[in-house]
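As numbered in mature numbering (1 follows the signal peptide of the UniProt record, and there is no 0), residues -20 to -1, 1 to 345 make up the sequence shown, in order.
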Amino acid sequence: MKKCLIPVLFMSLIPSVTHAVVAGGMVSYGHHFSAAGNQLEYEYNILDDGDSNSNYYWATQFWFKNGNGGYAGLQRGNGKRINFSIWDVTEWDNNSAAYCRSFDHEGDGVQCSYQYDWVEGENYKFDLTKEGRSVSLSVTAISTGVVTEVATIFVPESWGNIKNNINTFVEEYSQGAGQLPSCNAMANTSSKIESVKMDGRAAIFATTKQYGNCGSYADSLCTNDGTCYSKTGEDYVKFDSTEMKLINKSTGYCVDNLAGSGVIGFWTCDSNQNSNQNFTYDKGSSLLKLSDYGHAKCITLADDGFIKTTSCANSSQWWYEPVHQNLIEADKNVCIGPTELQAGYRLKEQACLPNDDQSFRFEKK
C-alpha cells in the first residue's frame, strides 16, 4: 500500500474572487502497469456524490504512445453524465450515443458527453479500447449488466498503445459566479475505483495524494490490490488527530484494548474516559493510535486474522469509509468485524459488507 506523491496533470483553474475559492482537483491516484496495452478497464463506485447542488468530477486520465491523451469518468453537476475527451484530435463517429464536439479550452480536442443517471453505491465498469484509429468507450452498470456504448473518437494513425501509467482525479469544479465561499462549504463525497486493468492485467501498484486549494479537506488511500478510496468535505475528513471512541452500530459496544492486553475486542463503553477505548486517527499515515500507550501503539491486523496492538512503525493502515462506516485494512482490503456480538469477544478480519456488524461510528470522548 502506497501513499506518496505522483505526477499529475491538473485541470486549469480560474483565479478566485474575494472570499471565494476554486476547489479544483483534490485527490489523485496513479495506477502503474507492467506494459502498455489496447484495453483499459476500471470500475467506479460513487458511494456519496454530495448533493444536487454539488459539482464533482471523478475521471481517469490516460495517454497514448507517440500522441497525447484524454480522460473519461462520471460527472455530477446540473445532472449526471459520462464525459469522454481526447486532446489533439478533431474527429469522432457521428453514430456515437453521446453528444460530441470540438473544444478549445485547456488545449484542443474532442469531448463527448452522455447523460447518464448513475446511482450512488453501484459499480460502473469503464472499458476504453483502441483499435487502429478508433478509441471507443463503453460503460457497464454491474448490477444490471446493461452496457452503454458511449462514443468513438478517432486519433491519428501514428498514435500507439495506451501507456502503462494512468491517473485518476477527484475534482470539485464550481467556478465563476458559482464558486464556493470556502473549502468547508464543499459537499461531502465518498468514492472508490477498483478492478483497474490493462489488457486484463491488474496494476502492479497504485499511489495516491491530496493536493490543491482544498486538499486538506480531502483524504485518500490505495490498497495493495489497487483499490483506491477517497473522501472530501469537512464532515468526512474531520477526524484527524481527535481523540475518540469507536462504537459498533449493532451492539453499542466500544472497541476496546481488552484489559490492556493488546487484544482488541468489544466492551461496554466507559463514560470515565477509559484509555483502553480512546483512539486517534492520523490522516497523514492512516494509522489508528491507542491513547493508553501515549499514542505509541496502534491497532493492526495480525497474521492470524485477529485485531491486535503493535508498534505504530509496524501497524496496518486503515481507511474509514463514512457511508457504511466500515474500517478497511489497506494491505488486504478487508474490514473489521466481530467474532460474536457480545462484550469480551475479539474483532477479526471479514470480507467487507454493508451491514451494522461492521459499522462503527467515531464519537469524541
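Cβ atoms here follow ideal geometry from the backbone N, Cα and C, with glycine treated the same way. Quick caveat, the model's predicted, so the values are computed rather than measured.
Exercise. If you pair each beta-carbon of the stretch 98 to 108 with each one of the stretch 48 to 57, do three or more pairs fall below 8 Å?
Worked result: Under the Cβ criterion (8 Å, minimum of three pairs), the stretch 98 to 108 counts as touching the stretch 48 to 57.
Problem set entry | Neighbour-count burial assignment, H85, 16 or more Cβ in a 10 Å radius | Position 105 of the sequence shown holds residue 85. When all chains shown are included, H85 counts as exposed.
Exercise. What beta strand (DSSP E) runs, 3 residues minimum, are completely inside the stretch 166 to 213?
Worked result: 169 to 178, 185 to 190, 198 to 202, 208 to 212
For this session: Measure the C-alpha to C-alpha separation of I(-15) and F149 and round it to an integer number of angstroms.
Result: Taking the first residue of the sequence shown as 1, we reach residue -15 at position 6. Taking the first residue of the sequence shown as 1, we reach residue 149 at position 169. Its pLDDT being 37, under 50, I(-15) is placed unreliably by the model, and the measurement read from it follows with that caveat. Cα to Cα, the separation comes out at about 12 Å.
Exercise. Buried or exposed: where does P334 fall if 16 or more other Cβ atoms within 10 Å of its Cβ makes it buried?
Worked result: Residue numbering aside, residue 334 sits at position 354 when the sequence shown is read from its first letter. It is exposed - the Cβ of P334 has fewer than 16 other Cβ atoms within 10 Å.
Problem set entry | Neighbourhood of A77 by C-beta distance below 8 Å, restricted to the same chain and skipping five residues each side | Here residue 77 refers to the residue found at position 97 when the sequence shown is read from its first residue. Contacts found: Y94, T128, E129, V130, A131.
For this session: Within the stretch 277 to 307, note down every full beta strand (DSSP E) run reaching 3 residues or more, in order along the chain.
Result: 277 to 281, 287 to 291, 298 to 301
Exercise. Who are G245's beta bridge partners in DSSP?
Worked result: Against the sequence shown, residue 245 aligns to sequence position 265. For G245, DSSP records a beta bridge to D236, R326.
Problem set entry | Simplified DSSP assignment, three categories, for G158 | Here the question's residue 158 lines up with position 178 in the sequence shown. Reduced to three states, the DSSP call for G158 is helix.
For this session: Would you identify the three-state DSSP class for S266, choosing helix, strand or coil?
Result: On the sequence shown, position 286 is the one that residue 266 refers to. In this structure, S266 counts as coil in the three-state DSSP scheme.
For this session: Give me the Cβ distance between A183 and H11, rounded to the nearest whole Å; I'm assuming they're in contact under 8 Å.
Result: Residue mapping note: residue 183 aligns to position 203 of the sequence shown, counting from 1. Residue mapping note: residue 11 aligns to position 31 of the sequence shown, counting from 1. Yes, A183 and H11 are in contact; Cβ-Cβ is about 4 Å, under 8 Å.
Problem set entry | Contact check, A310 vs N204, beta carbons under 8 Å | Looking up residue 310 in the sequence shown gives position 330. Looking up residue 204 in the sequence shown gives position 224. Their beta carbons are under 8 Å apart, which means A310 touches N204 by this criterion.
For this session: Between the Cα of K328 and those of D284, Q305, Y300, W98, spot the shortest distance and give me the residue it belongs to.
Result: In the sequence shown, residue 328 corresponds to position 348, counting from 1. Of the candidates D284, Q305, Y300, W98, the one whose C-alpha sits nearest the C-alpha of K328 is D284.
Exercise. Where do the N-terminal and C-terminal ends of the beta strand (DSSP E) with H85 fall, by residue?
Worked result: Taking the sequence shown and counting its residues from 1, the one referred to as residue 85 is at position 105. Segment: none, H85 is in no beta strand (DSSP E) and carries neither H nor E.
For this session: On a CA-only basis, which of N254, S271, S255 is nearest Y261? Give me that one, please.
Result: For this step, residue 261 is matched to residue 281 along the sequence shown. For the residues N254, S271, S255, the minimum Cα distance to Y261 belongs to S271.
Problem set entry | Touch test, the stretch 193 to 204 against the stretch 16 to 34, Cβ-Cβ under 8 Å, three pairs minimum | Not touching, per the Cβ criterion.
Problem set entry | Three-way DSSP call (helix, strand, coil) for S32 in this model | Working through the sequence shown from its first residue, we reach residue 32 at position 52. In this structure, S32 counts as coil in the three-state DSSP scheme.
Problem set entry | Closest Cα partner of E320 within the set Y79, Y233, S154 | Counting from 1 along the sequence shown, the entry for residue 320 is found at position 340. Minimum Cα distance to E320 is reached at Y233.
Exercise. Roughly how far, in whole angstroms, is the beta-carbon of V303 from the beta-carbon of C332, given that I think they are within contact range, below 8 Å?
Worked result: As a working mapping, residue 303 is identified with position 323 in the sequence shown. As a working mapping, residue 332 is identified with position 352 in the sequence shown. With a Cβ gap of about 12 Å, V303 and C332 do not count as contacting.
Problem set entry | Cα-Cα separation, R341 to E223 | Walking along the sequence shown from the start, residue 341 turns up at place 361. Walking along the sequence shown from the start, residue 223 turns up at place 243. Those two C-alpha atoms are separated by around 13 Å.
For this session: In the DSSP assignment, find the beta strand (DSSP E) that holds N147 and state where it starts and stops.
Result: As a position in the sequence shown, residue 147 is number 167, starting the count at 1. 145 to 152 is the extent of the beta strand (DSSP E) around N147.
Exercise. How many Å lie between W67 and V90 at the Cα?
Worked result: Here residue 67 refers to the residue found at position 87 when the sequence shown is read from its first residue. Here residue 90 refers to the residue found at position 110 when the sequence shown is read from its first residue. Each residue's alpha carbon lies about 7 Å from the other.
Problem set entry | Local Cβ density within 10 Å of A39, reported as buried at 16 or more and exposed below that | To locate residue 39, count along the sequence shown from 1; it is residue 59. That one is buried.
For this session: Quickly, what does DSSP pair K60 with across the bridge? List them, please.
Result: Here residue 60 is taken as the residue at index 80 of the sequence shown, counted from 1. Partner(s): R56.
Problem set entry | Reduced DSSP secondary structure (H/G/I, E/B, other) of V126 | The count along the sequence shown starts at 1 and reaches residue 126 at position 146. Reduced to three states, the DSSP call for V126 is strand.
Exercise. Can you give the Cα-Cα distance for E23 and G5, rounded to whole angstroms?
Worked result: As a working note, residue 23 is residue 43 in the sequence shown. As a working note, residue 5 is residue 25 in the sequence shown. Their Cα atoms are separated by approximately 20 Å.
Exercise. Considering only C-alpha positions, which residue in the set S251, N48, S291, A3 is nearest to G87?
Worked result: The count along the sequence shown starts at 1 and reaches residue 87 at position 107. When only C-alpha atoms are compared, the closest one is N48.
For this session: Can you give me the Cβ contacts of I122 inside the same chain, cut-off strictly under 8 Å, excluding the 5 residues immediately before and after it?
Result: As a first step, residue 122 is located in the sequence shown; it is residue number 142 there, counting from the start. Excluding sequence neighbours, I122 sits near E23, E102, N103, Y104, K105.
Exercise. Under the DSSP definition of a beta bridge, which residues are partnered with residue 350?
Worked result: Residue 350 lies beyond the residue range present for the chain, which begins at -20 and ends at 345; the question has no answer from this structure.
For this session: May I ask you to list the residues that DSSP assigns as paired with Q91?
Result: The residue labelled residue 91 in the question sits at position 111 within the sequence shown. The partner list for Q91 (beta bridge, DSSP) reads S65, R81.
For this session: Take the Cβ of D97 as the centre, count every other Cβ of all protein chains shown within 10 Å, and call the residue buried at 16 or more, exposed below.
Result: On the sequence shown, position 117 is the one that residue 97 refers to. Counting Cβ neighbours within 10 Å, D97 comes out exposed, since fewer than 16 surround it.
For this session: From the DSSP output, in three-state form, read off D107 for me.
Result: Residue 107 sits at position 127 when you count from the first residue of the sequence shown. D107 falls in the strand class under three-state DSSP.
Exercise. Just checking my contact of W43 with K143 at CB under 8 Å: how many whole Å lie between their CB atoms?
Worked result: One-based indexing of the sequence shown puts residue 43 at position 63. One-based indexing of the sequence shown puts residue 143 at position 163. The Cβ separation is near 5 Å, so the contact holds.
Problem set entry | Proximal residues to residue 410 (C-beta, below 7 Å), its chain only, five neighbours per side dropped | Beyond the ends of the chain as shown, which are -20 and 345, falls residue 410; an answer cannot be given.
Exercise. If we count the other Cβ atoms within 10 Å of its Cβ and call it buried at 16 or more, is E137 buried or exposed?
Worked result: Along the sequence shown, read from residue 1 onward, the residue named residue 137 stands at position 157. It counts as exposed.
For this session: Could you pull out every residue in the same chain whose Cβ sits closer than 8 Å to the Cβ of Q297, ignoring the five residues on either side in sequence?
Result: Here residue 297 refers to the residue found at position 317 of the sequence shown. Hits under 8 Å: M(-20), K(-18), L201, S265, S266, L267, E309, A310, D311.
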